[in-house]
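Before any comments, here is the structure.
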Amino acid sequence: MEIKKLVTDVLVVGGGSTGLIAALEAEKHGADVTIICKQKAGRSGNTIVSGSAFSVVVPEEGNPDSEEIYFNDLIRSGKGINQKELTRTLAFNSGKTIKWLEDYGMEFFKTNSEYVKRQPPGHSHPRSVPTIWDGYSYLARGLSFMKPLSESVIKKNIRVMEQTVVAHLLTTNGKIAGAIAIDINESEFIEISCKSIILANGGAGGMFSHNNNTVGITGDSYALAYEAGAVLKDMEFVQFYPTQMIKPLKMPASNPLFGDGAVLRNKDKELFIHRYVEGGDKAATRDKMAQAIFQEVERGYGVEGGVYFDCSGIPKEVLESKYSHFCNQLKKKGVDPQKDMVIVSPTTHYFLGGVKINTNCESSVRGLYAAGEAATGTHGANRLSGSSIADTVVFGKIAGESAAEYSAVNQHAKINSQDLSNKLEKLKVNSKGEESLADKKELVRTVMWRSASVVREESILLEGLKQLYEVESILDNIAVRNYKEIVSFQELANMITVGKLTIKGALERKESRGSHWRRDYPNQSEDYLGNFEYSKSSDGDIINYRPLDGLLINN
Numbered sequence: 003m004e005i006k007k008l009v010t011d012v013l014v015v016g017g018g019s020t021g022l023i024a025a026l027e028a029e030k031h032g033a034d035v036t037i038i039c040k041q042k043a044g045r046s047g048n049t050i051v052s053g054s055a056f057s058v059v060v061p062e063e064g065n066p067d068s069e070e071i072y073f074n075d076l077i078r079s080g081k082g083i084n085q086k087e088l089t090r091t092l093a094f095n096s097g098k099t100i101k102w103l104e105d106y107g108m109e110f111f112k113t114n115s116e117y118v119k120r121q122p123p124g125h126s127h128p129r130s131v132p133t134i135w136d137g138y139s140y141l142a143r144g145l146s147f148m149k150p151l152s153e154s155v156i157k158k159n160i161r162v163m164e165q166t167v168v169a170h171l172l173t174t175n176g177k178i179a180g181a182i183a184i185d186i187n188e189s190e191f192i193e194i195s196c197k198s199i200i201l202a203n204g205g206a207g208g209m210f211s212h213n214n215n216t217v218g219i220t221g222d223s224y225a226l227a228y229e230a231g232a233v234l235k236d237m238e239f240v241q242f243y244p245t246q247m248i249k250p251l252k253m254p255a256s257n258p259l260f261g262d263g264a265v266l267r268n269k270d271k272e273l274f275i276h277r278y279v280e281g282g283d284k285a286a287t288r289d290k291m292a293q294a295i296f297q298e299v300e301r302g303y304g305v306e307g308g309v310y311f312d313c314s315g316i317p318k319e320v321l322e323s324k325y326s327h328f329c330n331q332l333k334k335k336g337v338d339p340q341k342d343m344v345i346v347s348p349t350t351h352y353f354l355g356g357v358k359i360n361t362n363c364e365s366s367v368r369g370l371y372a373a374g375e376a377a378t379g380t381h382g383a384n385r386l387s388g389s390s391i392a393d394t395v396v397f398g399k400i401a402g403e404s405a406a407e408y409s410a411v412n413q414h415a416k417i418n419s420q421d422l423s424n425k426l427e428k429l430k431v432n433s434k435g436e437e438s439l440a441d442k443k444e445l446v447r448t449v450m451w452r453s454a455s456v457v458r459e460e461s462i463l464l465e466g467l468k469q470l471y472e473v474e475s476i477l478d479n480i481a482v483r484n485y486k487e488i489v490s491f492q493e494l495a496n497m498i499t500v501g502k503l504t505i506k507g508a509l510e511r512k513e514s515r516g517s518h519w520r521r522d523y524p525n526q527s528e529d530y531l532g533n534f535e536y537s538k539s540s541d542g543d544i545i546n547y548r549p550l551d552g553l554l555i556n557n
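Position 312 of the sequence shown, counting from 1, maps to 314 under our numbering, and the rest follow consecutively.
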């Protein structure tokens, strides 16, 4: 088999905001850097479809907000199981990122030289700072965040390989040695020798049939790390965006609207959030709002599978000045947001679990780093609005610097030829397969949404797990005809790996906490004030429980 070879210091997997930031920082610290991404760098990942606003403590004189207040908000939202040193790192470094981003050409909305700040639910102060995204589509306004970063990568002559997928990581004696990648356009395999790897290729929202993620977010980061021997954590926690518009068009109804007076109503036009969340719509964090909507629909008070989103309580001047683009999108569909209600419903949004890291973004495998949605610990059992983009900047920078420093003092580990051969053998065409690849991917997505979405209970989780094992048992009989389908097959395998861990963790956590809600265990329990950690062995998946700041408990 012909295989192309590449040597680099730092391999960054992912061309979204985390990957670009990590690459820029690694290059700044003297490393030879290569970015590999499934799609086009600067147009992949979920930042592109975000609200292009991030939650930071703005360093302005007279600002009543503080890093300590932000930290406490994050801990409260995370239901106390955050990895506190990571949460503190985010809160206390968030404000510094504004200047860093502006140095790379980012522009933020200002009024009289002060940054515009909005207050989404769950934040005790206005701290959501939007970029200037005039000239971009409302549905792709995250480009205003991505474009300056991708242009900077080009200026720095950082090597970028697009339409390329990392299929396996290679380790030697517990240390990163390289990776195997697939170039889809050239239909070839690439053997990459590198000193360190940064996983910045996002979460696993695409594992669910209902999601608002971009194409290709299939749990690759978690599966790659897990197979390489890294410890994962909190895989049972998945955040569901509560207000994805389903009619008259599909787009998020932004959380900050609630801070300015938007409310949710059931089919009888009644307010209902207060029945589930003390403080009502303004106080409801994403997890509680999604669960409230789900229950209201279950009770028979839904509208076409969702509920009404009502902006009539927002003053007209506020709605048209702060949310003009949102209003324009609706008006194009003949909807006046001041008078007409739209229908919204929960959808899979963000994975809270991921690769366990420390404050240097180091995983349990030497030379392997993770940041952004690929990593876990910062947000605990739920994530506050806008904190994800802040996370990508803070930890993307740290990962880039850490990986570069590691590469500067370590030599390339020799790639184990047998390991390379064994992994290449898994990446092959199977023209004799009889099962449909597309059908099995859709089945896994349906199973995950039905069994492990907003509301969970033992019988449904067990049935979902059984179905995943059934799909896994026929992988060898799935038709794979070309390099593009080899990549798609790898995505299916990754979805099954991650899906099983998500369901197993949800079964282990016999309580409801944050985004994890068990109908059969509806209350939060002090017995689960801690984290489940996941590791792979020759005997299968190992799930252990670690109380907060405590010793690992073997299950």
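C-beta: ideal position from N, C-alpha, C; glycine also. Predicted, not measured: the structure shown is a model, and the values here were computed from it.
Burial is judged here by how many other beta carbons sit within 10 angstroms of a residue's own beta carbon; Leu550 has fewer than 16 and is exposed.
In the three-state reduction of the DSSP assignment, Arg78 falls in the helix class, which pools H, G and I.
For Val500, the enclosing alpha helix (DSSP H) stretches over residues Tyr485 to Glu510. The beta carbon of Glu62 sits closer than 8 Å to the beta carbons of Glu116 and Tyr117 from its chain, once the five residues preceding and following it are set aside; these are given in chain order. In the DSSP annotation of this structure, Lys269 is not part of any beta strand (DSSP E), being labelled neither H nor E. Assignment of alpha helix (DSSP H) within the segment 214-299, counting only whole runs of 4 or more residues, yields 222-229, 258-261, 282-285 and 288-298 in chain order.
Taking a 10 Å sphere around the C-beta of Lys502, we find 16 or more other C-beta atoms and assign the residue as buried. In this structure, Thr174 is the residue among Thr174, Tyr303 and Ser438 with its C-alpha nearest to the C-alpha of Val367.
Measuring C-alpha to C-alpha distances from Phe260 to each of Gly107, Ile505, Ser387 and Asp541 identifies Ser387 as the nearest. Using a Cβ distance threshold of 8 Å, Val395 and Ser223 do not count as a contacting pair. The DSSP-derived three-state label of Thr448 is helix.
Note that the C-beta distance between Leu370 and Ala183 is not below 8 Å. Between Gly180 and the set Glu164, Ser189 and Ile199, the nearest pair of CA atoms involves Ile199. Counting along the chain, His327 sits inside the alpha helix (DSSP H) bounded by residues Ser326 to Lys334. When DSSP reads this structure, Cys196 sits in a beta bridge with Thr10.
In the three-state reduction of the DSSP assignment, Tyr138 falls in the coil class. Counting every other CB atom within 10 Å of its CB across the protein chains shown gives Tyr471 a total below 16, marking it as exposed. Asp236 sits close to Asn533, with the two beta carbons spaced by under 8 Å.
The criterion of a C-beta distance shorter than 8 Å is not satisfied by Arg521 and Glu535.
Selection Val9, Glu164 and Val131 evaluated against Gly16 yields Glu164 as nearest (Cα-Cα). For Asp543, the enclosing beta strand (DSSP E) has its first and last residue at Gly542 to Pro549. Unbroken alpha helix (DSSP H) stretches of 4 residues or longer found wholly inside the segment 52-108: 69-79, 86-95 and 98-105, given in chain order.
Looking at Leu332, Glu306 and Asp283, the one whose alpha-carbon comes closest to that of Gly315 is Asp283.
Two segments are said to touch when three or more pairs of C-beta atoms, one from each, lie closer than 8 Å; by this definition the segment 33-53 touches the segment 137-148. Lys538: member of the beta strand (DSSP E) spanning Gly532 to Ser539, first to last residue. Judged by their CB atoms, Ala225 and Thr499 are nearer to each other than the 8 Å cut-off. Look at Ile316 here: in three-state DSSP terms it is coil, with no helix or strand label. For Asp185, the enclosing beta strand (DSSP E) stretches over residues Lys177 to Asp185.
In the DSSP secondary-structure assignment, Lys416 is not bridged to any residue. Nearest neighbour of Gly176 by Cα position, chosen from Lys416, Met253 and Gly218, turns out to be Lys416. The DSSP-derived three-state label of Pro150 is helix.
Look at Gly356 here: in three-state DSSP terms it is strand. For Gly402, the number of other beta carbons within 10 angstroms of its own is at least 16, and it is reported as buried.
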